[in-house]
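Student:
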Amino acid sequence: MSTTSLVKGTALPASAPVPWSGLLALSTAAFTAVLTELLPAGLLPRMAPALGVSEARIGFLVTGYAVASFAAAIPLTALLRGLPRRPVLVGTLLGFALSNAVVALSSSYALTFAARLVAGCAGGTLWAMLAGCAARMVPAERRGRAIAVVLAGITLALSLGVPAGTALAGAVGWRTAFGVLAAVAVGLVGWTHARVPGFPGEAPHARVPLARVAALPGVPAVLSVTLFLLVGHQVMYTYVAPFAAHAGFGRTGLVLLLFGAATVVGIWITGVLVDRRPRAALLGALGLCAAVMPTLGLAAGVPGVLPVSVALWGLAFGGAPTLIQTALVDVSGPERADVATSLQTTVYNAGIAAGSLTGGVVLSGPGAGALPWTALPLIAVALTVVALNRRNAFPSGRHSS
Numbered sequence: 001m002s003t004t005s006l007v008k009g010t011a012l013p014a015s016a017p018v019p020w021s022g023l024l025a026l027s028t029a030a031f032t033a034v035l036t037e038l039l040p041a042g043l044l045p046r047m048a049p050a051l052g053v054s055e056a057r058i059g060f061l062v063t064g065y066a067v068a069s070f071a072a073a074i075p076l077t078a079l080l081r082g083l084p085r086r087p088v089l090v091g092t093l094l095g096f097a098l099s100n101a102v103v104a105l106s107s108s109y110a111l112t113f114a115a116r117l118v119a120g121c122a123g124g125t126l127w128a129m130l131a132g133c134a135a136r137m138v139p140a141e142r143r144g145r146a147i148a149v150v151l152a153g154i155t156l157a158l159s160l161g162v163p164a165g166t167a168l169a170g171a172v173g174w175r176t177a178f179g180v181l182a183a184v185a186v187g188l189v190g191w192t193h194a195r196v197p198g199f200p201g202e203a204p205h206a207r208v209p210l211a212r213v214a215a216l217p218g219v220p221a222v223l224s225v226t227l228f229l230l231v232g233h234q235v236m237y238t239y240v241a242p243f244a245a246h247a248g249f250g251r252t253g254l255v256l257l258l259f260g261a262a263t264v265v266g267i268w269i270t271g272v273l274v275d276r277r278p279r280a281a282l283l284g285a286l287g288l289c290a291a292v293m294p295t296l297g298l299a300a301g302v303p304g305v306l307p308v309s310v311a312l313w314g315l316a317f318g319g320a321p322t323l324i325q326t327a328l329v330d331v332s333g334p335e336r337a338d339v340a341t342s343l344q345t346t347v348y349n350a351g352i353a354a355g356s357l358t359g360g361v362v363l364s365g366p367g368a369g370a371l372p373w374t375a376l377p378l379i380a381v382a383l384t385v386v387a388l389n390r391r392n393a394f395p396s397g398r399h400s401s
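In case it helps, the numbering used here puts the sequence shown at residues 1 to 401.
1. Given that a residue counts as buried once 16 or more other Cβ atoms are within 10 Å of its Cβ, and exposed if not, what is S332?
2. Note down the Cα distance separating A337 from G271, rounded to an integer number of angstroms.
3. Examine the Cβ distances between the region 155 to 175 and the region 29 to 45 and report whether three or more of them are shorter than 8 Å.
4. Confirm, please, whether the CB-CB distance from R277 to F394 is below 8 Å.
5. Which term fits K8, buried or exposed, when burial requires 16 or more other beta carbons within 10 angstroms of its beta carbon?
6. Decide if A115 is buried, meaning its Cβ has at least 16 other Cβ atoms within 10 Å, or exposed.
7. With a 10 Å radius around its C-beta and 16 neighbouring C-beta atoms as the bar for buried, classify R391 as buried or exposed.
8. Answer with buried or exposed for R142, where buried requires no fewer than 16 other C-beta atoms within 10 angstroms of its C-beta.
9. Report the option in S108, S106, P372 whose CA atom is closest to the CA atom of G359.
10. Taking C-beta to C-beta, are R262 and G319 nearer than 8 Å?
11. Note down, in chain order, each residue of its chain lying with its Cβ closer than 7 Å to the Cβ of A182, except the 5 sequence neighbours on either side.
12. For T326, report the span of its alpha helix (DSSP H) as first-last.
13. Would you decide whether T92 is buried or exposed? Buried here means 16 or more other CB atoms lie within 10 Å of its CB.
14. Mark A211 as exposed unless 16 or more other C-beta atoms lie within 10 angstroms of its C-beta, in which case mark it buried.
15. Which of the three DSSP states, helix, strand or coil, is assigned to E37?
16. Is the beta carbon of P307 less than 8 Å from the beta carbon of L258?
17. What are the uninterrupted segments assigned as beta strand (DSSP E) that are 3 or more residues long and contained completely in the region 137 to 175, given in chain order?
18. Leaving out five residues before and five after T77 in sequence, what residues of the same chain have Cβ atoms less than 7 Å from its Cβ?
19. Which first and last residues belong to the alpha helix (DSSP H) in which F96 is found?
20. Going by C-alpha distance, which of V362, I58, A66 is nearest S107?
21. How many angstroms separate the CA atom of L61 from the CA atom of S396?
22. Need the endpoints of the alpha helix (DSSP H) that S342 sits in, please.
23. To the nearest whole angstrom, what separates the beta carbons of V81 and D275, a pair I think is in contact under 8 Å?
24. Are the CB atoms of M137 and P19 within a distance shorter than 8 Å?
25. Among residues of its own chain, excluding the 5 on either side of S400, which ones have a beta-carbon nearer than 6 Å to its beta-carbon?
26. Buried or exposed: where does R85 fall if 16 or more other Cβ atoms within 10 Å of its Cβ makes it buried?
27. Using a 10 Å radius around the Cβ and a threshold of 16 neighbouring Cβ atoms, would you call G153 buried or exposed?
28. Tell me where the alpha helix (DSSP H) around V18 begins and ends.
29. Would you tell me roughly how many angstroms separate the C-alpha atoms of Q234 and A281, rounded to the nearest one?
30. By Cβ distance, which residues of its chain are closer than 8 Å to S69, with the 5 residues on each side in sequence left out?
31. Rounded to whole angstroms, what's the CA-CA distance from W191 to L23? Just pull it up for me.
32. CB-CB under 6 Å to V385, same chain, minus the five flanking residues each way: which ones, in chain order?
Shown next as structure tokens:
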């Protein structure tokens, strides 16, 4: 299998070898993006004195990244959709490298915040490209597994990367930790250039307007599932610490560790099922997420129920983003996946923000015990949309396009 055939878009035979090196490069890019986004959250006490601001303002470095990613995903993807994919990928990695290098060296909060906005713009562009690039690197029959490999970088960053990065900062200093991240991004430039095929951008005559991509059969359903699942998930996940305390389980670190480890298992199971039984896998994942919520609402205080329920929740949620994104690539087609995924990136971030806000309102009002009952109907809506959209959005088999 030659890179030339990939560039020209020739259909790949089912027997074509899996381009593991290229997929792992994209997965490492996802890992780097998540770690870049979230690392300041674990370094509030260390970064605040060095930059002369409060810990709350250091927290805004994460907020600024997320807002920039939210705002930039659609316009930057639309602006860059005609360019070859590999140079755009390299550009996003250089954006991460520049941002992290500036953070490592800066003593000015304003300059640091500006650098975080640059990283957020790079992140929004990167997330819109990863699934589409993965899908074009393999035959249609292996598309879901390729996307699962790439998105596993997110799970590994959350479960292992952020704790490891925080520990590294404690050992050698937070500036060195960001310097290491900058170096990783620079190394990824070479890896990406060597192993990720040079897919062309969209030709002017082939570009579908953004509104038409959003209206393609199945796309609205996939985006709505993304939104309702993320809002419901974040209602609980953002406030898992006060909920655990409410249930009389004070070891929040253990709860998060169980959730993170279970998501890794969920990603592995999804990789096995996504290309053979995508609909059943997604219905099972959402059904398990929904079933966990009343269990937490009714019996979280019973010994053993909270950790087991959280592990099952992580198992179910771990594979859901891969299943949903694979469905989006299928209904949009790999050639339009960048634009469709930019829409999903925006919806994803909107879901995170709305879920965190909703959970905060519930926590301040009815209290932590009401969180799972708030999350349940939202996840149930996502499950219902999947169940009702068998034809266009979530078929039993995989599309061959």
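We put the CB at the ideal spot given by N, CA and C, even for glycine.
Since we're looking at a predicted model, the values are computed, not measured.
Tutor: By the coordinates alone:
1. Within the sequence shown, numbered from 1, the residue matching residue 332 stands at position 332. Buried, since its Cβ has 16 or more Cβ neighbours within 10 Å.
2. In the sequence shown, the residue the question calls residue 337 occupies position 337. In the sequence shown, the residue the question calls residue 271 occupies position 271. The straight-line gap from Cα to Cα measures roughly 20 Å.
3. yes
4. The count along the sequence shown starts at 1 and reaches residue 394 at position 394. The count along the sequence shown starts at 1 and reaches residue 277 at position 277. No. Outside cutoff.
5. For the purposes of this step, residue 8 is taken as the residue at position 8 of the sequence shown. Since pLDDT at K8 reaches only 42, below the 50 mark, its modelled position is unreliable, and no value is offered.
6. The residue labelled residue 115 in the question sits at position 115 within the sequence shown. Buried, since its Cβ has 16 or more Cβ neighbours within 10 Å.
7. Walking along the sequence shown from the start, residue 391 turns up at place 391. With fewer than 16 Cβ atoms within 10 Å of its Cβ, R391 is classed as exposed.
8. Locating residue 142 in the sequence shown gives position 142, counting from the first residue. Buried: at least 16 other Cβ atoms inside 10 Å.
9. In the sequence shown, residue 359 corresponds to position 359, counting from 1. Ranking S108, S106, P372 by Cα distance to G359 puts P372 first.
10. Residue mapping note: residue 262 aligns to position 262 of the sequence shown, counting from 1. Residue mapping note: residue 319 aligns to position 319 of the sequence shown, counting from 1. Per the sequence presented here, residue 262 reads as Ala, with Arg not at that position. Cβ atoms of A262 and G319: not closer than 8 Å.
11. What you label residue 182 is simply residue 182 of the sequence shown in a count that begins at 1. Only A97, N100, A101, A104 meet the Cβ criterion.
12. Stepping through the sequence shown from its first residue, residue 326 is reached at position 326. First-last of the alpha helix (DSSP H) with T326: 305 to 332.
13. For the purposes of this step, residue 92 is identified with residue 92 of the sequence shown, where counting begins at 1. So T92 counts as buried.
14. Along the sequence shown, read from residue 1 onward, the residue named residue 211 stands at position 211. The residue in question, A211, is exposed, as its Cβ has fewer than 16 Cβ neighbours within 10 Å.
15. By one-based count along the sequence shown, residue 37 stands at place 37. DSSP places E37 in helix when its eight states are reduced to three.
16. For the purposes of this step, residue 307 is taken as the residue at position 307 of the sequence shown. For the purposes of this step, residue 258 is taken as the residue at position 258 of the sequence shown. Yes.
17. none
18. Locating residue 77 in the sequence shown gives position 77, counting from the first residue. Cβ neighbours of T77 beyond the five flanking positions: T125, A128, D338, V339, S342.
19. Residue 96 sits at position 96 when you count from the first residue of the sequence shown. Note, F96: alpha helix (DSSP H), 85 to 105.
20. Along the sequence shown, one-based indexing puts residue 107 at 107. If we check each option's Cα against that of S107, I58 comes out closest.
21. For the purposes of this step, residue 61 is taken as the residue at position 61 of the sequence shown. For the purposes of this step, residue 396 is taken as the residue at position 396 of the sequence shown. If I take the Cα positions, the gap works out to 42 Å.
22. Walking along the sequence shown from the start, residue 342 turns up at place 342. Unbroken alpha helix (DSSP H) run through S342: 337 to 364.
23. Here residue 81 is taken as the residue at index 81 of the sequence shown, counted from 1. Here residue 275 is taken as the residue at index 275 of the sequence shown, counted from 1. The sequence shown places Arg at residue 81, not Val. The Cβ separation is near 27 Å, so there is no contact.
24. Walking along the sequence shown from the start, residue 19 turns up at place 19. Walking along the sequence shown from the start, residue 137 turns up at place 137. Yes, the Cβ-Cβ distance between P19 and M137 is below 8 Å.
25. Mapped onto the sequence shown, residue 400 falls at position 400. Reliability of the predicted coordinates at S400 is poor, the pLDDT of 49 falling under 50, and the value obtained from them is presented with this limitation in mind. Once the five neighbours on either side are set aside, the close Cβ partners of S400 are A140.
26. As a working note, residue 85 is residue 85 in the sequence shown. With 16 or more Cβ atoms within 10 Å of its Cβ, R85 is classed as buried.
27. Mapped onto the sequence shown, residue 153 falls at position 153. Per the 10 Å Cβ criterion, buried.
28. Here residue 18 is taken as the residue at index 18 of the sequence shown, counted from 1. Looking at the DSSP string, V18 is not in any alpha helix (DSSP H), and its letter there is neither H nor E.
29. Mapped onto the sequence shown, residue 234 falls at position 234. Mapped onto the sequence shown, residue 281 falls at position 281. Approximately 21 Å, taken between the alpha carbons.
30. Start at 1 with the first residue of the sequence shown, and residue 69 comes out as number 69. Taken in chain order, the residues that qualify are E37, G120, C121, G123, G124, W127, T345, N349.
31. Position 191 of the sequence shown, counted from the first residue, corresponds to residue 191. Position 23 of the sequence shown, counted from the first residue, corresponds to residue 23. W191 and L23: Cα-Cα distance of roughly 11 Å.
32. Taking the sequence shown and counting its residues from 1, the one referred to as residue 385 is at position 385. Closer than 6 Å at the Cβ level, and outside the excluded window around V385, lie A221, S224, V225.
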